[in-house]
Every structure is written in C-alpha cells, then in structure tokens.
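*Asks:* Sharing a structure, written as structure tokens. Questions coming.
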Amino acid sequence: MVAAVRVHKVGGPEVLTYEDVDVPAPGPGQIRVKQHAVGLNYIDTYFRSGLYPAPSMPFVIGNEGAGEVTAVGPGVTEFKVGDRVAYVSALGGYAAERILPADRAVKLPKEISYEQAAGMMLKGMTVQYLLRQTFKVEKGMPILIHAAAGGVGLIACQWANHLGAEVIGTVGSKEKAELAKANGCRHPILYREEDFVARVKEITKGEMCPVVYDGIGKATFPASLDCLRMRGMFVSFGNASGPIEAINPNILQQKGSLYMTRPTLVHYTAKREDLLATAKELFDVVISGKVKIPVNQKYPLKDAQKAHQDLHARETTGSTILIP
Ligand SMILES: NC(=O)c1ccc[n+]([C@@H]2O[C@H](COP(=O)([O-])OP(=O)(O)OC[C@H]3O[C@@H](n4cnc5c(N)ncnc54)[C@H](OP(=O)(O)O)[C@@H]3O)[C@@H](O)[C@H]2O)c1
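Printed below as a string of structure tokens:
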C-alpha cells in the first residue's frame, strides 16, 4: 500500500481524500514509478469538480510527476529499474508510487531535478506547443498572455521574451505584476482594476495583438477577442474562471475575421515522437538557463486540499508541487 489522494465523489477541495491504495506490479507496456514530486495543475481542479469527467470512481487525481522506475512490465525495453523519469498522463498522479504507461514517460536529463520536473512537464510542454506550434511567436510581436504570474504564465512570459516577443500579461495583484515583470512580461496589466482591452490598445499604439493566450475562460471572454488585430488568433486553452459559454461563430467575423482554437497538450503529444520532441525542447531551454522553473509553493501530499484551496484563491504564483 502507498499513500495517495483519491476522489470518491466530485466536489470542492474537501473531497480530496488522503488514504492508502494498492499499487500492483506493472502489466505489459507499463512501469512502476516511485514519485519524488508531483505537479499541481489547474486541470486537477476540473477533474475534482467534475467539469472534466473521470473514467472511473474513485480515482487518484493528478496528471504530472517525477520519480524513479522501481519495476518494469513485460515488453518494456526503453526503461530500466533506477531510471529517472517524468511524465504527463491522465490521472493517477497524487501518489507516492504509481503505475504508468511506459510510452508516456520521458527520461530526465541529469541537469533537471525531480522537483523542477514536477513543476514543468505539464506547464512547460504546454508553453512549448502554445508558443511554438499553435501560433508561432516571433521577434517583435506584441502578444497577450493572461494570468502571467501563474504556473503556465511565468514559463510562457520567459519563453516568449526569449523568442523576442513584446510580452503583455494580465495579473491579479501588484505583487504578481512585479513577479511577471521579473520573468519577461514587459507590460503587466492589473486586470482586476484596469480595462485590459484599453491598456492593450495603448501599449500597442492601436495595432493590437496577433495572438492572445487565454487560460482564464469565462471572465476574459469576449474581451480577449478585442485585443486581437484583424485575422488574429484567439487561443483559448483553459477555464480558470469557468468555461466559455456557447459561441456564435459570427462573432469571429464581426471582430476581424479572427481564428479561434481550443487546444490541449494531450493532442500535441499523442504520438510518442511528438512527446519526446516537445519534452526535449523544454529540457533544452531550461538547461540553457533561458527559462527557469519557479517552483514557488511546496506542500506535503497529505495537504492537497490546502493546495487546491490556495490555487482557487489565486494565492499561488508560478508552479506548485506536492511531495509524497
Ligand atoms: N490546454 C492545455 O493544454 C493546458 C495545459 C496546462 C494548463 N492549461 C490551463 O492554463 C491555465 C493556467 O493553469 P495553471 O495550472 O498554470 O494555473 P495558474 O495560472 O497557476 O492559476 C490560475 C490563475 O488564473 C487566474 N484567475 C483568474 N480568474 C480566476 C478565477 N476566477 N479563479 C481562479 N483563478 C483565476 C489567477 O491569477 P491572477 O490572480 O493573476 O488573475 C490564478 O492564479 C488553466 O486554465 C489551465 O487549465 C491548459
């Protein structure tokens, strides 16, 4: 038996139950991983609340972690006992030890610690595909990133700044504005006090942005569309404030023949070669020092409820990890 956090019925942070679970021997194509650190992500709250349905009940919540391989199942050739690995994979994350499909694991370079890995695999690979695949950010482009001081946000600001973009970011407080600025966000906007569309207009001298990265959802829609120039790209990649309601596609025409996409990391890393290439680019940019992984909160795994409460209360910045 190992310690884990399970959900028996969906709801608020209080449904997170710290208890012992069985971990079987790995089956064909699986590995067993002793986890040293587990990532906390907003998507965990969607599974916990039922916004995203879990395949079964009860389930071990969590989608990201890092640790060492303790057993390999039949047919696994890429990994051996003792390998340092990290992953993003559907559920099973909040546990001291877990079974993982081997084709979702990535070997960790020696320069990356378990804690860094747990703070970056999901968020950092997301930033890779958002900035480098969904819409290719280029030097000199003004771009808008919402929740710039958050987990995805601080990595995105650094990476976009490294690519030469003029990063505009929204943040919930003055402290977060300072933090975002120190991480490459040239123009933080306090969107709880300021009209962010007006500020984007002012900063870009009326040109507006070719792309908006929006993980906030309900609260920033449709204003995010007004930050785009004609034929700009609206990248709606999350629902921190709740999901966007049904959209009439005519709104995209009215606001300037806009493009809209609602991407998810799962589809950008579905093929093993895409997973490895995305992870490699992330490892390279982190090892080079161009992007640092700000693990700003650490909680013991047993305090997962508190971690979720703090995430909802907008009290966290950068990445948060749980230690089994
Ligand atoms: N599609 C994908 O592939 C993918 C992958 C990873 C993450 N995501 C999405 O990216 C977003 C950020 O994820 P994250 O894990 O890095 O979280 P996070 O940004 O660290 O936390 C969410 C932040 O959203 C802001 N926020 C605005 N309105 C909020 C509200 N009503 N309630 C709570 N927070 C609110 C807060 O920042 P301020 O106080 O500064 O407003 C808060 O800190 C989430 O929507 C997540 O689902 C998507």
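Just so you know, the sequence shown maps onto residues 80 to 403 in the working numbering.
Every residue, glycine too, gets a C-beta built ideally from N, C-alpha and C.
Is THR395 a contact residue of ligand 1, with contact defined as CB to any heavy atom under 8 Å?
*Replies:* In the sequence shown, counting from the first residue as 1, residue 395 sits at position 316. True, at least one ligand heavy atom lies under 8 Å from that Cβ.
*Asks:* With hydrogens ignored, establish whether the beta-carbon of HIS266 is closer than 8 Å to any heavy atom of ligand 1.
*Replies:* Taking the sequence shown and counting its residues from 1, one reaches residue 266 at position 187. No, since every heavy atom of ligand 1 falls outside the 8 Å radius drawn around the Cβ of HIS266.
*Asks:* Quick check: the stretch 274 to 283 against the stretch 299 to 311, are at least 3 beta-carbon pairs closer than 8 Å?
*Replies:* Verdict: yes, contact present.
*Asks:* Using only the alpha-carbon positions, how far apart do HIS115 and THR156 sit?
*Replies:* For the purposes of this step, residue 115 is taken as residue 36 along the sequence shown, with counting starting at 1. For the purposes of this step, residue 156 is taken as residue 77 along the sequence shown, with counting starting at 1. Taking the straight line joining both Cα atoms gives about 23 Å.
*Asks:* Could you name the residues that DSSP lists as bridge partners for GLU360?
*Replies:* Reading the sequence shown from its first residue, position 281 is the one you call residue 360. Answer by DSSP bridge pairing: none, since GLU360 is not bridged.
*Asks:* Considering only residues of the stretch 255 to 331, which uninterrupted alpha helix (DSSP H) runs meet the minimum length of 4 residues and lie entirely inside it, listed in chain order?
*Replies:* You should have 275 to 282.
*Asks:* Do HIS387 and LEU119 have their beta-carbon atoms positioned less than 9 Å apart in this structure?
*Replies:* For the purposes of this step, residue 119 is identified with residue 40 of the sequence shown, where counting begins at 1. For the purposes of this step, residue 387 is identified with residue 308 of the sequence shown, where counting begins at 1. Their beta carbons are under 9 Å apart, which means LEU119 touches HIS387 by this criterion.
*Asks:* Going straight from the alpha carbon of MET287 to that of ILE268, what length do you get?
*Replies:* For the purposes of this step, residue 287 is identified with residue 208 of the sequence shown, where counting begins at 1. For the purposes of this step, residue 268 is identified with residue 189 of the sequence shown, where counting begins at 1. Between MET287 and ILE268, the C-alpha separation is close to 15 Å.
*Asks:* Taking the CB atoms as reference points, tell me whether PRO379 and ILE402 lie closer together than 9 Å.
*Replies:* As a position in the sequence shown, residue 379 is number 300, starting the count at 1. As a position in the sequence shown, residue 402 is number 323, starting the count at 1. Yes, the Cβ-Cβ distance between PRO379 and ILE402 is below 9 Å.
*Asks:* Quick check on this structure: which residue in GLY251, VAL94, THR343, ALA259 has the alpha carbon closest to the alpha carbon of THR299?
*Replies:* Position 220 of the sequence shown holds residue 299. Comparing Cα positions, the closest option is GLY251.
*Asks:* Roughly how many angstroms lie between the CA atoms of GLU217 and ALA244, to the nearest whole one?
*Replies:* Here the question's residue 217 lines up with position 138 in the sequence shown. Here the question's residue 244 lines up with position 165 in the sequence shown. If you take the alpha carbons of GLU217 and ALA244, they lie about 6 Å apart.
*Asks:* Are there 16 or more other CB atoms within 10 angstroms of the CB of THR340, so buried, or fewer, so exposed?
*Replies:* Within the sequence shown, residue 340 is the residue found at index 261, counting from 1. The residue is exposed, with fewer than 16 neighbouring Cβ atoms inside 10 Å.
*Asks:* Given a threshold of 16 other Cβ atoms within 10 Å of its Cβ, counted over all protein chains shown, does GLY232 qualify as buried or as exposed?
*Replies:* Taking the sequence shown and counting its residues from 1, one reaches residue 232 at position 153. Classification of GLY232: buried, given that the 10 Å Cβ count is 16 or more.
*Asks:* Please state whether DSSP places GLU394 in a helix, a strand or coil.
*Replies:* What you label residue 394 is simply residue 315 of the sequence shown in a count that begins at 1. Three-state result, GLU394: coil.
*Asks:* How far does the beta strand (DSSP E) with LEU223 in it reach, from first residue to last?
*Replies:* As a working mapping, residue 223 is identified with position 144 in the sequence shown. Per DSSP, LEU223 belongs to the beta strand (DSSP E) from 221 to 224.
*Asks:* Measure the alpha-carbon distance for ASP291 versus THR213 and round it to whole angstroms.
*Replies:* Your numbering for residue 291 matches position 212 in the sequence shown. Your numbering for residue 213 matches position 134 in the sequence shown. Note that residue 291 is Val in the sequence shown, not Asp. Taking the straight line from one Cα to the other gives about 11 Å.
*Asks:* Which same chain residues, not among the five before or five after LEU242, have their C-beta less than 6 Å away from its C-beta?
*Replies:* The count along the sequence shown starts at 1 and reaches residue 242 at position 163. Same-chain partners within the cutoff: VAL216.
*Asks:* Restricting to runs no shorter than 3 residues, where is the beta strand (DSSP E) found entirely within the stretch 125 to 198?
*Replies:* For the stretch 125 to 198, whole beta strand (DSSP E) runs of length 3 or above, ordered along the chain, are 143 to 151, 163 to 167, 176 to 180, 184 to 186.
*Asks:* Looking only at DSSP bridge pairs, what is ILE247 linked to?
*Replies:* For the purposes of this step, residue 247 is taken as the residue at position 168 of the sequence shown. Answer by DSSP bridge pairing, in chain order: LEU223, HIS266.
*Asks:* Could you name the residues that DSSP lists as bridge partners for GLY229?
*Replies:* As a position in the sequence shown, residue 229 is number 150, starting the count at 1. Per DSSP, none; premise fails for GLY229.
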